[in-house]
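Numbering (mature numbering (1 follows the signal peptide of the UniProt record, and there is no 0)), first residue to last: -17 to -1, 1 to 728.
#1: Just how far apart, CA to CA, sit residue 306 and residue 299?
#2: Please report how far the alpha carbon of residue 29 lies from the alpha carbon of residue 190, in whole angstroms.
#3: Which residue's Cα is closest to the Cα of residue 186: 674, 266, 172?
#4: In chain order, which alpha helix (DSSP H) runs of at least 4 residues are fully inside the stretch 614 to 697?
#5: Which residue or residues does DSSP assign as beta-bridge partners of residue 246?
#6: What's the gap between the Cα of residue 206 and the Cα of residue 452?
#7: Take residue 574 as the anchor and find which of 215, 656, 220, 526 has the nearest alpha-carbon.
#8: Could you give the C-beta distance for residue 402 and residue 79, rounded to a whole number, given that I count them as a contact under 8 Å?
#9: Leaving out five residues before and five after residue 202 in sequence, what residues of the same chain have Cβ atoms less than 7 Å from its Cβ?
#10: Let me make sure I understand the geometry here. Which of 569, 562, 559, 537 has the alpha-carbon closest to that of residue 552?
#11: Should residue 170 be flagged as near chain C, meaning a C-beta pair shorter than 8 Å?
#12: Buried or exposed for residue 81, going by 16 or more other Cβ atoms inside 10 Å?
#13: Does DSSP put residue 431 in a helix, in a strand, or in coil?
#14: Quick one: residues in its chain with C-beta nearer than 7 Å to the C-beta of residue 103, no 5 flanking neighbours on either side, listed in chain order?
#15: Can you list, in chain order, the residues of its chain with a C-beta nearer than 6 Å to that of residue 339? Leave out the 5 residues immediately preceding and following it.
#16: Quick check on residue 171: does DSSP put it in helix, strand or coil?
#17: Thinking C-beta only, is residue 264 closer than 8 Å to residue 312?
#18: Which residues does DSSP list as the beta-bridge partners of residue 120?
#19: Report buried or exposed for residue 605, applying the criterion of at least 16 other Cβ atoms within 10 angstroms of its Cβ.
#20: Taking DSSP as the reference, what is the three-state secondary structure of residue 76?
#21: Assign residue 272 to one of three DSSP states: helix, strand, or coil.
#22: Going by beta carbon distance, what residues of the same chain come within less than 6 Å of residue 518, once the five residues before and after it are set aside?
#23: By the three-class DSSP mapping on this structure, what secondary structure does residue 704 have?
#24: Given that a residue counts as buried once 16 or more other Cβ atoms are within 10 Å of its Cβ, and exposed if not, what is residue 230?
#25: From the DSSP output, read off the bridge partner residues of residue 322.
#26: Quick one: give me the first and last residue of the beta strand (DSSP E) that residue 365 is part of.
#27: Here's a check: name, in chain order, each residue in its chain whose Cβ is nearer than 8 Å to the Cβ of residue 535, leaving out the five neighbours to either side.
#28: For the candidate residues 331, 156, 109, 50, whose alpha-carbon lies nearest to that of residue 128?
#29: Sort out for me which residues DSSP pairs residue 183 with in a bridge.
#30: Are at least three pairs of beta-carbons, each pair with one atom in the stretch 278 to 294 and one in the stretch 318 to 325, less than 8 Å apart?
#31: Would you identify the three-state DSSP class for residue 213, choosing helix, strand or coil?
#32: Out of 687, 499, 538, 646, point me to the one whose CA is closest to residue 564's CA.
#33: Report the option in 345, 239, 667, 643 whose CA atom is closest to the CA atom of residue 633.
#34: Could you compute how far the alpha carbon of residue 184 sits from the alpha carbon of residue 528?
#35: Tell me which residues share the same chain as residue 254 and place their Cβ nearer than 7 Å to its Cβ, disregarding the 5 neighbours each side in the sequence.
#36: Indicate the three-state DSSP secondary structure (helix, strand or coil) for residue 294 in the structure shown.
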């Protein structure tokens, strides 16, 4: 009954029980549960957390909680999970082998939850409020919600499967009625010329707040649920509407293999030049539609981007570069891979699945599960493992490789919800709720021609086995091509001021006096940077004011050049027991010292427990430094003089994190820094604390400083490689006693 792809799911289940239960979610880096309210908020992501884990659900879970949740997330994750669990329980019970004790307990809980979500639909439009209080609804101050005016199209349009299933399981039509009403309103508000919908809508007026349209974030599952509602419920109206939308998507948004957002009122104008990873579900939806060719093309583009970066970046540009570097272990690409394999039986998609699985094990696996990627460029991790990873990723990978006898049921008898919960197609024969009257939908707009080739036979479409490969090869070549970087153009200077921008040092008293004479003031910002402001009237003379203006122009030009030459983030990888390279922290680079992107082996320390007593003790080790008191380059020179092989600077701003702050790049001190020949990396407070906690618990810790995380199979050391160095816990503060008190880092 099990194949090798079942094992990770079983192991993760054990880890959840041991380390997370009864918390809402597992934090895989710190091996503890994420409890809502005790961890920093992640916005809407946290809204369904009160019931993200169905473990021991019948015994422990209560829904009468004074908690505000996302209607969308709670519906697809929690209500969908309860209904899917009920479907599986009934199937097993009817087969006569398992769960003979089951008496619809999950269904009763699902109805309780559905009733608690219903107050959100109390709007004039029928579109739900984005959030609801499970105990107090949306009215009154105790609900702490009900004041929102906007929701995303997917948030309002991804209700019908779960609510209709709940109505048909229980015989109570109220849920399906509300879900249909919301879908009818969205259909009425589509842009009539383009037949596209926007991304965000006002739930009271129906006005589009964001008029960009695509198939990714904010809209994705609205289209998915129109087609799947037809499949599950057998109502032709849903298919008719989907086909009209689909024709417009293929006319305006699809530019094979790309899918680019457009404006709903001017659909020939692109709305942006990048794509988000949520659109990776769309090839799978095209398979359900029966449009295999563009599904193959878009999927191949996504696969090549995946191979280029190990994972799909959260967003990437039309030339396939990283736009947003995060990857929260999203399952949409695995989902489309599964559906393409089911449709074509092409073994190529088994190879794709193997790549996905291998990358998860090589780059995302950590001691307590699988950690989201904070930055696919460096391989650094984030301390989160969303419930959709377990609900969808493992499920689709298992089914991709499963044989028929691996499953106790026929998966073809079920439809997958957007969270990969299974609902039985037999619901289409269950008496349905009466449809609410459509406001002004003219059914004559919907013609039967849209039904053509809805579910074609792929073997008739593509009799040549080489045809899919012929579609993929050009796309592979396009992604593999590297795009040239634009040359940096620099305008010639207008003269030479008495102080050049490139020579300026913020801790040099003479330079500060020159700035004062030129009417330039220096402001120290809280994050350690400095800001220059010029007031010509405060200069000592007109000539000095002109010099100040030239200096500021030079400084802006220098700053602009540095931004254009922005270095990518670096990685601090913990490689000793029990981490073995699985924990990777995002680190800011320095504009001086060793370029880790050109280093073959990185710099690795070995652990020890001796107490730091003087600077000489740093020799042969990586030094932990605390930010402050002097310039970064000065710290580097001091620890290099003491014989250190590298340095890590930890931010002293409590609470700072690479989750919320932009990448921090340590600048030089205005002098030539060619003399600095060791690597220096910067960790924000949160990431630094993870490293310190590892030191406290394991005392001896090895780390690797590099441009990106290494494959664990590559982490090995020989005598010809860099010397192993001690990294004792006692090196928590600045290791150099001679640090100056001047401003800077």
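Each residue gets a CB set at the ideal place from its N, CA and C atoms; glycine is no exception. Every value quoted in this text rests on a predicted model; they were computed, and no experiment measured them.
With the structure as the only source:
#1: Looking up residue 306 in the chain shown gives position 323. Looking up residue 299 in the chain shown gives position 316. Answer to the nearest angstrom: the Cα atoms are 5 Å apart.
#2: Against the chain shown, residue 29 aligns to sequence position 46. Against the chain shown, residue 190 aligns to sequence position 207. Caution applies to residue 29, whose pLDDT of 47 falls short of 50 and renders its modelled position unreliable; the model cannot decide the point.
#3: Along the chain shown, one-based indexing puts residue 186 at 203. It is 172.
#4: 615 to 624, 668 to 681
#5: Residue numbering aside, residue 246 sits at position 263 when the chain shown is read from its first letter. DSSP, once it has assigned bridges, lists 195 as partnering residue 246.
#6: Numbered from 1 along the chain shown, position 223 holds the residue referred to as residue 206. Numbered from 1 along the chain shown, position 469 holds the residue referred to as residue 452. Their backbone Cα atoms lie some 28 Å apart in a straight line.
#7: For this step, residue 574 is matched to residue 591 along the chain shown. Of 215, 656, 220, 526, the residue nearest in Cα terms is 656.
#8: Walking along the chain shown from the start, residue 402 turns up at place 419. Walking along the chain shown from the start, residue 79 turns up at place 96. Actually they are not in contact, since the Cβ atoms of residue 402 and residue 79 sit about 29 Å apart, beyond 8 Å.
#9: Translated into the one-based positions of the chain shown, residue 202 becomes position 219. The residues are 136, 137, 180, 182, 196.
#10: Stepping through the chain shown from its first residue, residue 552 is reached at position 569. Here the closest residue by C-alpha is 569.
#11: Annotation note: the requested chain C is absent from the structure, which comprises a single protein chain.
#12: Here residue 81 refers to the residue found at position 98 when the chain shown is read from its first residue. Counting Cβ neighbours within 10 Å, residue 81 comes out exposed, since fewer than 16 surround it.
#13: Taking the first residue of the chain shown as position 1, residue 431 is located at position 448. Low local confidence applies: a pLDDT of 47 at residue 431 is under 50, so the model's placement there is unreliable, with the coordinate-based value given in what follows. Residue 431: helix per DSSP, three-state reduction.
#14: Reading the chain shown from its first residue, position 120 is the one you call residue 103. Only 54, 111, 112, 115, 121 meet the Cβ criterion.
#15: Residue 339 sits at position 356 when you count from the first residue of the chain shown. Excluding residues within five positions, the ones whose Cβ falls inside 6 Å are 317.
#16: Here residue 171 refers to the residue found at position 188 of the chain shown. In the structure shown, residue 171 sits in a helix (DSSP, three-state: H, G or I).
#17: Residue mapping note: residue 312 aligns to position 329 of the chain shown, counting from 1. Residue mapping note: residue 264 aligns to position 281 of the chain shown, counting from 1. Contact flag unset, no.
#18: Here the question's residue 120 lines up with position 137 in the chain shown. Residue 120 is bridged to 116.
#19: For the purposes of this step, residue 605 is identified with residue 622 of the chain shown, where counting begins at 1. Buried, because 16 or more other Cβ atoms sit within 10 Å of the Cβ of residue 605.
#20: For the purposes of this step, residue 76 is taken as the residue at position 93 of the chain shown. Three-state result, residue 76: helix.
#21: Here the question's residue 272 lines up with position 289 in the chain shown. Residue state, collapsed to three classes: helix.
#22: In the chain shown, the residue the question calls residue 518 occupies position 535. Excluding sequence neighbours, residue 518 sits near 502.
#23: Counting from one through the chain shown, the residue named residue 704 turns up at place 721. With a pLDDT of only 32 at residue 704, under the threshold of 50, the placement of this residue in the model should not be trusted, and no figure is reported.
#24: Reading the chain shown from its first residue, position 247 is the one you call residue 230. Exposed, since its Cβ has fewer than 16 Cβ neighbours within 10 Å.
#25: To locate residue 322, count along the chain shown from 1; it is residue 339. In DSSP, residue 322 forms no bridge with anything.
#26: In the chain shown, the residue the question calls residue 365 occupies position 382. From DSSP, the beta strand (DSSP E) with residue 365 extends over 363 to 365.
#27: Position 552 of the chain shown, counting from 1, holds the residue named residue 535. 503, 515, 517, listed in sequence order.
#28: For this step, residue 128 is matched to residue 145 along the chain shown. Ranking 331, 156, 109, 50 by Cα distance to residue 128 puts 50 first.
#29: The count along the chain shown starts at 1 and reaches residue 183 at position 200. Answer is 135, 193, bridged to residue 183.
#30: yes
#31: What you label residue 213 is simply residue 230 of the chain shown in a count that begins at 1. In this structure, residue 213 counts as helix in the three-state DSSP scheme.
#32: Translated into the one-based positions of the chain shown, residue 564 becomes position 581. When each option's Cα is compared against that of residue 564, the closest is 687.
#33: Counting from one through the chain shown, the residue named residue 633 turns up at place 650. The shortest Cα separation from residue 633 among 345, 239, 667, 643 belongs to 667.
#34: Position 201 of the chain shown, counted from the start, is the residue given in the question as residue 184. Position 545 of the chain shown, counted from the start, is the residue given in the question as residue 528. Whole-angstrom Cα-Cα distance: 52 Å.
#35: What you label residue 254 is simply residue 271 of the chain shown in a count that begins at 1. For residue 254, where only same-chain residues beyond five positions count, the Cβ hits under 7 Å are 195, 244, 245, 246.
#36: To locate residue 294, count along the chain shown from 1; it is residue 311. Looking at residue 294 - three-state DSSP - the assignment turns out to be coil, as it is neither helix nor strand.
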